[in-house]
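With the UniProt record's numbering, letter number 136 in the sequence shown gets 136, and the count goes up by one each step, no holes. Okay, so here's the structure we're looking at.
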Amino acid sequence: MMPLFLGWRCSRALLKLNTATTTATATSLLNLIRHNSSIPSSQHHHHEPAMSLMRFRSSCRSLHLRELCTSTSDHTHLLISTFNTQTSNQHFFSIPIFHLPKQFHPPKLSLGSLTPLFTLPSHPFGLTSSQYLNPFFLLHHADYPHYDHTPILTYNPTTQQTLTLPLDPPLPAATTTTWNVRTHFGFDPSTKHHKVLRVKWTEPIPRSIPKVINMVFTVLTLDSNGSASGSWRRINPVLPFDPKKYVNGGESVCVNGAIHWLTRYGDSIVAFDLKDEKFRLIPLPPDYKDLNCGSFRFQFERLFEFRGCLALISENATLHNFTLELWILEDYNNHVWVKESIFFPFRWQKQGQPIPIGTIPTGEILLKPLSLDKSATAWVLFYYMEGQSFKKIDITGLPEWVYSSGTRIIRTISV
Numbered sequence: 001m002m003p004l005f006l007g008w009r010c011s012r013a014l015l016k017l018n019t020a021t022t023t024a025t026a027t028s029l030l031n032l033i034r035h036n037s038s039i040p041s042s043q044h045h046h047h048e049p050a051m052s053l054m055r056f057r058s059s060c061r062s063l064h065l066r067e068l069c070t071s072t073s074d075h076t077h078l079l080i081s082t083f084n085t086q087t088s089n090q091h092f093f094s095i096p097i098f099h100l101p102k103q104f105h106p107p108k109l110s111l112g113s114l115t116p117l118f119t120l121p122s123h124p125f126g127l128t129s130s131q132y133l134n135p136f137f138l139l140h141h142a143d144y145p146h147y148d149h150t151p152i153l154t155y156n157p158t159t160q161q162t163l164t165l166p167l168d169p170p171l172p173a174a175t176t177t178t179w180n181v182r183t184h185f186g187f188d189p190s191t192k193h194h195k196v197l198r199v200k201w202t203e204p205i206p207r208s209i210p211k212v213i214n215m216v217f218t219v220l221t222l223d224s225n226g227s228a229s230g231s232w233r234r235i236n237p238v239l240p241f242d243p244k245k246y247v248n249g250g251e252s253v254c255v256n257g258a259i260h261w262l263t264r265y266g267d268s269i270v271a272f273d274l275k276d277e278k279f280r281l282i283p284l285p286p287d288y289k290d291l292n293c294g295s296f297r298f299q300f301e302r303l304f305e306f307r308g309c310l311a312l313i314s315e316n317a318t319l320h321n322f323t324l325e326l327w328i329l330e331d332y333n334n335h336v337w338v339k340e341s342i343f344f345p346f347r348w349q350k351q352g353q354p355i356p357i358g359t360i361p362t363g364e365i366l367l368k369p370l371s372l373d374k375s376a377t378a379w380v381l382f383y384y385m386e387g388q389s390f391k392k393i394d395i396t397g398l399p400e401w402v403y404s405s406g407t408r409i410i411r412t413i414s415v
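Written out as C-alpha cells, the structure is:
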C-alpha cells in the first residue's frame, strides 16, 4: 500500500480491534555479490549490481523472524530473511499466504511452500530491511556498530533487481566521532519520489564537558528504477527537539508523506516531512505515556502502519496475563489517537513474545515472535479482529541450519 496524503482520516469501522566482527569493504561486498549472482557480468553497472530474484505481480511493506510481503489478487507473499553466522551469508525465502474471500468468517488462511530466492554475502550481522514502499524497499546495515563503507541496497520485486546506492560520504574521523547512525526510507507523494534519510549522532574531537551531541542529516533521492538520481545532500533543518533526548529507538514508518520514528526517551514521535525536509513532533498518547512513565523504550514498543494509519504498540503485562495495547492515529492532522487492545489467551512470554508487524488484505493482523527457541519451529500468528481469535501457522521447509546454534531468523516483514 502506498503512503496516503496528509489529512487522511482512517475509518473508525475499520479499526474495530480488541486489541565480530570483521567487515568487508564495499568493493569486496560488491565482488561477492557479482560472484554469487546468476546475472552475467556485462549486465552489472557501476554501483548498481543486479541479482535475479523471484517476480511478484505487486508488492507490500515492511517490518523482525524477517520477512517482506507482497500482495497479489490471490495471496500475499512473505519474504523471509535468515542470517547464518557461520558463513556470514544472508538467505532470502518466499512463502505465499493463501486466503479465501472475506465472506468466510473468519477467513481461511494457510501458508504455501517455501521457495528459496537468493543468497547475499553481507556484513557478519546481516542487513536489515526498510518498510516496503511500492515498488521498493531498502536493505541496509542495522546501524550499530556503524560502518561508513557498508552499502545500501534497493530491491524491486517487480523488476527483480537489487541495486547498490552510492555510499554516504563519511564525516572526518580526525574531528568527529560517529556513535550512532540510522537509515530511513520514505516516499514523497507530492513529487512521486522515494528518499533515503541518514541520521548520524556525533561528538566533536576532542570531547567537551558538558557533552555535546550533534545530529548530521543527509538525503538521497531515488529515480523510478531504484537507483540514485543524484548525490547525497547534506541538509540543516531546525530541530524541535534535543538530540541527546531524541536518540532513535526503533524502526521508522513512512505514512502521509513523512517518516516517523520512536525515540529512546522523550514524549513525542519524531516526524520528518519528505516534501519540505523539515522535522516536527507528534505527541504520544497520554495513556501511553502513563503506561511507560516516560522511561526507556522496550524492544517490543514500536510503530507500524495499520491500514494507512500510523499505529503504536506497547505491552501491558501483569502476573497472570498479557495485553498488547494498540494506539491508532485516527486523525493525523489533529493528533487524535484511538486505543484498542489485543488480549492473549496464552502466556505471552512463553509463546515467543509475538508482536504485530502489519495487516494482510483480508484484515487480519500478522504477528511474529520476538524470540524463537532453538528447538521450536518457525511460525507466524494471525489475529482476526472481528472475532478476536488467533491462528498460529508453522513455517516449514526452512534449512536445518536455521535452527542450529549460531543461526537465526532475523526478521519478518508484513503487508
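Each residue gets a CB set at the ideal place from its N, CA and C atoms; glycine is no exception.
Figure out for me which residue from the options has the closest Cα to the Cα of residue i.
i, options, result
"L398", "S113, G186, L367 and L171", "S113"
"K278", "L171, I235 and F185", "I235"
"S129", "T183, D168 and N84", "T183"
"T164", "Y155, T263, D273 and R347", "Y155"
"F136", "Y403, T119, L262 and N225", "N225"
"L153", "T175, L171, I357 and F185", "F185"
"S110", "S341, N84, I360 and F217", "I360"
"T175", "R233, I205 and L274", "I205"
"T221", "F382, P166, Q353 and V380", "P166"
"residue 430", "Y132, P121 and S252", "Nothing can be reported for residue 430: it is not among the residues displayed for the chain, which extend from 1 to 415."
"F306", "I365, F187 and P116", "I365"
"E251", "P345, I357 and I328", "I357"
"I355", "G363, F344 and T362", "F344"
"W348", "T377, M385 and E315", "E315"
"T76", "N180, F98 and L127", "F98"
"T162", "K108, S227 and N180", "S227"
"V212", "D242, R280, L262 and T362", "D242"
"R280", "P286, G257 and R302", "G257"
Please list the terminal residues of the continuous beta strand (DSSP E) segment that includes residue i.
i, result
"S129", "L127 to S129"
"G186", "T176 to D188"
"L117", "T115 to P121"
"F343", "V336 to F343"
"Y155", "L153 to N156"
"S110", "L109 to L111"
"E305", "R302 to F306"
"S389", "S389 to D394"
Note down the Cα distance separating residue i from residue j, rounded to an integer number of angstroms.
i, j, result
"Q160", "K200", "31 Å"
"L139", "S231", "19 Å"
"T202", "T178", "4 Å"
"I313", "P369", "14 Å"
"P96", "P240", "43 Å"
"S208", "H193", "40 Å"
"N214", "T119", "37 Å"
"V270", "K245", "11 Å"
"I282", "H141", "27 Å"
"D168", "Y265", "27 Å"
"Q351", "L381", "10 Å"
"I328", "S229", "35 Å"
"H45", "V196", "For H45, the predicted model reports a pLDDT of 32, less than 50, meaning its position is unreliable; a value from the coordinates is still stated below. C-alpha separation (whole angstroms): 21 Å."
"Y288", "F304", "16 Å"
"L367", "P210", "43 Å"
"S190", "L326", "30 Å"
"E340", "F217", "35 Å"
"F346", "M385", "17 Å"
"N248", "W401", "33 Å"
From the DSSP output, in three-state form, read off residue i for me.
i, result
"Q353", "coil"
"E203", "strand"
"D276", "coil"
"P286", "helix"
"P49", "Because P49 carries a pLDDT of 21, less than 50, the predicted location of this residue cannot be relied on, and no value is offered for it."
"V255", "strand"
"residue 435", "Nothing can be reported for residue 435, as the shown portion of the chain is limited to 1 through 415."
"N325", "According to the sequence as given, residue 325 is Glu; it is not Asn. Looking at E325 - three-state DSSP - the assignment turns out to be strand."
"V219", "strand"
"Y384", "strand"
"V402", "helix"
"W261", "strand"
"P369", "strand"
"F5", "Low per-residue confidence applies at F5: pLDDT is 28, beneath 50, and the placement is therefore not dependable, though the value from the model is reported in the following sentence. F5 falls in the coil class under three-state DSSP."
"Q160", "coil"
"F86", "The sequence given here places Gln at residue 86; Phe does not occur at that position. Correct three-state label for Q86: coil."
"D331", "strand"
"P170", "coil"
"F98", "strand"
"H91", "strand"
"S314", "strand"
"S208", "coil"
"L133", "strand"
"G397", "coil"
Quick check: is any heavy atom of the ligand HEM less than 7 Å from the C-beta of residue i?
i, result
"F382", "Here there are no bound small molecules, and the ligand HEM is not part of this structure."
Meets three-Cβ-pair contact criterion under 8 Å: the region 376 to 391 and the region 328 to 336
With a cut-off of 8 Å, the region 328 to 336 and the region 376 to 391 do not count as touching, because too few Cβ pairs lie within range.
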